[in-house]
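Heads up: the structure comes next, in structure tokens.
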Amino acid sequence: MIGFAQGCNENQEIRTEEIKDANGKLLKILYYEGDEAVKEERFYPSGKIKLKGEYKDGKKNGVWIYYYETGNIWSKGEFKDDIRNGIAEVYHENGKPRYKGQYKNGKES
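Residue 1592, in the numbering used here, is where the sequence shown stops; the numbers in between run on with no holes.
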């Protein structure tokens, strides 16, 4: 971690941690409830969103979305306890679907 900033919203009890490179460009934002990370967003050097997802008990939980630098979705997948569980979708950079599947306990079903 080269750069660091914090913010806090007392109404929602969410604290944020911004991680920046040596030039001050935002690389990642972590959102915390108490000491627990509950959400993460990462960014390309251009500042555009690279990925976003949520955590529960320190593990990926819910929908995680990865983006091309163009802003189009690269992949979208559901996780439970760090394991793929649910729909998984992958797209071409032009936004057209490339793959769609279903996972259960980390295995394609």
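Note that beta-carbon positions come from the ideal geometry of N, C-alpha and C, so glycine has one too.
Ranked by Cα distance from Ala1505, the first of Pro1528, Glu1537, Lys1563 and Lys1535 is Pro1528.
Residue state for Thr1553 is assigned as coil, using DSSP reduced to three classes. Looking at the backbone, the Cα of Trp1557 and that of Val1546 are separated by about 13 Å.
Taking all protein chains in view, the Cβ of Tyr1550 is crowded by 16 or more other Cβ atoms within 10 Å, so the residue is classified as buried.
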